[in-house]
Amino acid sequence: MTTRASRDVLGRGLRVLGRAIRTEPRLFTIGTIGSSLFGLLVIANAYVVGAVIGEVVVPAFTERRVGAAGLWLIAAVFLGISVLRVAAIFGRRLGAGFMQFRLQARYRRAVTRRYLSLPPAWHQRHATGTLLSNANSDVEAAFVPIAPLPFAVGTIVMIGAAMVSLFLTDWVLALIGVALFPSLFLLNLVYSRRMSPRQIRAQQLRAKVSAVAHESFDGALVVKTMGREAAESDRFRAHVTELRDALVSVGRLRGLFDPLMDSLPSVGTLAVLLLGAWRLQTGALGVTELVSVAFLFTVLAFPVRAIGWVVAELPRSVAGWERVQAVLAADGDLAYGPVVPAGSHPAALSFEQVHFSYGEGEVLHDVSFTVPAGRTVALVGATGSGKSTIASLAVRLVDPDSGTVRLDGTPLPELSESGLAGATALVPQIPFIFDDSVRGNVTLDRAGVDDDAAWSALRLAEADGFVANLPEGLDTAVGERGTSLSGGQRQRLTLARALAGRPRLLVLDDATSAVDPRVEAAILASLRGADAGASILVVAYRRATIALADEVVFLEDGKVVATGTHAALMAAEPGYRALVTAYEKTHPTEAVQP
-14 MTTRASRDVL GRGLRVLGRA IRTEPRLFTI GTIGSSLFGL LVIANAYVVG AVIGEVVVPA
46 FTERRVGAAG LWLIAAVFLG ISVLRVAAIF GRRLGAGFMQ FRLQARYRRA VTRRYLSLPP
106 AWHQRHATGT LLSNANSDVE AAFVPIAPLP FAVGTIVMIG AAMVSLFLTD WVLALIGVAL
166 FPSLFLLNLV YSRRMSPRQI RAQQLRAKVS AVAHESFDGA LVVKTMGREA AESDRFRAHV
226 TELRDALVSV GRLRGLFDPL MDSLPSVGTL AVLLLGAWRL QTGALGVTEL VSVAFLFTVL
286 AFPVRAIGWV VAELPRSVAG WERVQAVLAA DGDLAYGPVV PAGSHPAALS FEQVHFSYGE
346 GEVLHDVSFT VPAGRTVALV GATGSGKSTI ASLAVRLVDP DSGTVRLDGT PLPELSESGL
406 AGATALVPQI PFIFDDSVRG NVTLDRAGVD DDAAWSALRL AEADGFVANL PEGLDTAVGE
466 RGTSLSGGQR QRLTLARALA GRPRLLVLDD ATSAVDPRVE AAILASLRGA DAGASILVVA
526 YRRATIALAD EVVFLEDGKV VATGTHAALM AAEPGYRALV TAYEKTHPTE AVQP
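Residue 361 in the numbering used here is what sits at position 376 of the sequence shown, and the numbering runs on without skipping anything.
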């Protein structure tokens, strides 16, 4: 079974190489021509060396004189061959290097584009470290054999030419090549079969180590505050040790293979000298021919190893390629329509009998409500009632299992991707800040979002004051994930980013939880003003936030239990009253009336 699997890996590896060649045929051709020329020059050099020994050196010893013209001719020939070999090596490395790096860049871009097009639900099923490994080490591994590939193809051309020249020189010595070259190929094949499972396992463990490392770094705050440094180090050490052992296994097999590859041409050279000496004594062979053939065998070892390099890297290439293809072939895309939302007025949002589930558990049951144009609607419910899911559905991060979500009467799937992104904006629970300046985080280099638009958005988000006090204002670098800012400042900066795009529907998923209640009230009051120009759907907990809404949608266990004003629900719905009152009791300092 292992043999069949290894053969399958070899076949899949060759298909990966074929795909690479079809993608970059021009660069492959340049590299192969350079490599083939190098191989032919190696053969030519062997016969020139033989001619020099047989026609110049040996006569010089026997006649005790050396002609100056002959020496100049020899020097010119060797110089010419050397110049051509330099050009051939340059062409081979240029073609192979450019081909490898262009393929890696092409597929890194493709993987990244695919990541951006896949919905959040897909990303939630895959560890971030694994995704980083897909875009980095897996892409790199997929095209590792590209670097020696033109050299290997040129080596095959060289071996073919060498066999022809050997038979033309002496058919008896050529038989040594007939025995040697298949042995080299057989050795490479055996090596590939034994290396295949080791390389695949090592590539899988690289991804695992990357995932564990990223998780530890991302959760550094938890690790430090919980005193789990030693435990995390032990967890990481276990995976690194496993990867080390896998790589040692790869290195051990390679260490056994390399000496064998080096020894076979040496054995061939020894056989040529022994058999050639006998042929020389019988007069069937001259010194020139014997030296040429012996020298040819001595220089064949290094080029032939290029074939082994390609074969040895095929298992790793297959492992990386298949992991990359798993991303590129991932499904779950959201199909978009041709409709572009028109106008700059606030948009109306409606949910009509919406059902949604994660796996087998249904989260939303027959949810129906409306956010009228220009109005503010608060979603209120206990943890797990489906509020964040509704927020995701409102901006179409996911689609409902059944039912319809409409924007200005148009089902969201009928809207174009850019049109939907321009008309809606979601500010999530956890703010994300790029390692950039304040300006870069607010504008995101979007067309039409200049400094004036940035300051206007910062004012609406009640963030203009602290930004103005920063050392360099809009140009202030905020660090990775906004580490130089407080939690409330990060939330306000994220809100300003959403507002800078002038959305017609703004969805706030508990987006001001880290902001002082008085500041939050000021933010919501600004958003309801004419300058914001957006309808608002806000996930809310505080009474101060809820009371600012025109209408409240009360959720329990994924169902809309009641809708109405805050005052009406406080009077008529015991569950709603208990929830709001319980929050105030646990957060007494936040019970601020607007």
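Built from N, CA and C at the ideal position, the CB exists for glycine as well.
Source: prediction; values computed, not measured.
Pair within 9 Å by beta-carbon distance, residue i and residue j
i       : j      : result
Leu349  : Val380 : no
Arg35   : Leu275 : Sequence check: residue 35 is Gly here, not Arg. Closer than 9 Å, so yes.
Ile292  : Asn173 : yes
Leu533  : Leu490 : no
Ala363  : Glu558 : no
Gly114  : Ala192 : yes
Val(-6) : Leu299 : yes
Leu26   : Ala73  : yes
Glu399  : Gly322 : yes
Gly634  : Gly145 : As shown, the chain starts at -14 and ends at 579. That puts residue 634 outside it, with no answer to give.
Met180  : Val233 : no
Pro167  : Val383 : no
Val538  : Val365 : yes
Thr283  : Pro250 : yes
Met143  : Pro288 : yes
CA nearest to the CA of residue i, picked from the options
i      : options                        : result
Phe419 : Ala320, Leu397, Pro559, Thr461 : Thr461
Val492 : Lys544, Arg239, Val412, Ser469 : Val412
Ser302 : Gly19, Leu522, Gln85, Phe128   : Phe128
His111 : Val504, Ala567, Arg308, Gly394 : Arg308
Glu200 : Gln184, Gly560, Arg220         : Arg220
Ile59  : Pro105, Gly39, Leu392, Ile74   : Gly39
Ala453 : Val207, Val423, Gly344         : Val423
Ala481 : Tyr176, Ala192, Leu429         : Leu429
Tyr526 : Ser520, Glu227, Tyr561, Leu512 : Tyr561
Ser118 : Glu227, Pro133, Val197, Thr154 : Val197
Asp247 : Met180, Ala215, Leu169         : Leu169
Val96  : Val504, Ala448, Gly366, Ala315 : Ala315
Asp230 : Arg183, Thr254, Trp263, Gly253 : Arg183
Pro357 : Phe336, Val325, Ala376         : Phe336
Gln338 : Glu217, Leu2, Gly543           : Gly543
Gly76  : Arg477, Thr479, Ala132         : Ala132
Thr8   : Arg70, Gly(-4), Arg(-3), Met84 : Met84
Continuous beta strand (DSSP E) stretch holding residue i: start and end
i      : result
Asp437 : Careful: Asp437 lies outside any beta strand (DSSP E), inside the alpha helix (DSSP H) at 436 to 445.
Ile141 : Run containing Ile141: none in the beta strand (DSSP E); it sits in the alpha helix (DSSP H), 134 to 154.
Arg391 : 387 to 392
Ala410 : 409 to 412
Ala363 : 361 to 366
Residue i to residue j span [Cα, whole Å]
i        : j      : result
Ala90    : Glu125 : 9 Å
Ile66    : Asn30  : 7 Å
Ala546   : Gly204 : A small fix is needed here, since residue 546 is Val in this sequence, not Ala. The straight-line gap from Cα to Cα measures roughly 38 Å.
Thr389   : Leu443 : 34 Å
Val500   : Arg78  : 58 Å
Arg0     : Gly305 : 13 Å
Ile161   : Thr14  : 32 Å
Thr(-12) : Arg222 : Caution is warranted here: a pLDDT of 46 is assigned to Thr(-12), below 50, making its placement in the model unreliable, and no coordinate value can be reported.
Val312   : Val352 : 34 Å
Ser122   : Ser370 : 41 Å
Pro456   : Arg487 : 28 Å
Leu101   : Glu541 : 33 Å
Thr530   : Asp495 : 10 Å
Thr17    : Arg87  : 17 Å
Gly464   : Ile508 : 25 Å
Val583   : Ile6   : This structure cannot speak to residue 583, because the chain is shown only from -14 to 579.
Arg178   : Asp155 : 35 Å
Delimiting residues of the alpha helix (DSSP H) encompassing residue i
i      : result
Phe13  : 10 to 37
Thr550 : Per DSSP, Thr550 belongs to no alpha helix (DSSP H) and is neither H nor E.
Phe354 : Careful: Phe354 lies outside any alpha helix (DSSP H), inside the beta strand (DSSP E) at 346 to 356.
Ser329 : Segment: none, Ser329 is in no alpha helix (DSSP H) and carries neither H nor E.
Phe539 : Here Phe539 belongs to no alpha helix (DSSP H); instead the beta strand (DSSP E) covers 536 to 541.
Ala581 : Nothing in the structure corresponds to residue 581, since the chain is present only between -14 and 579.
Ile131 : That residue, Ile131, is in no alpha helix (DSSP H); it is neither H nor E in DSSP.
Ser377 : 372 to 379
Gly114 : 113 to 118
Ala529 : 528 to 532
Ala106 : 105 to 109
According to DSSP, residues forming a beta bridge with residue i
i      : result
Ser520 : Leu490
Val324 : Leu400
Ala448 : According to DSSP, Ala448 bridges with nothing at all.
Ser422 : Ala462
Phe341 : Leu349
Phe282 : Answer is none; Phe282 lacks a bridge partner.
Val197 : Val197 is not bridged to any residue.
Val545 : Leu540
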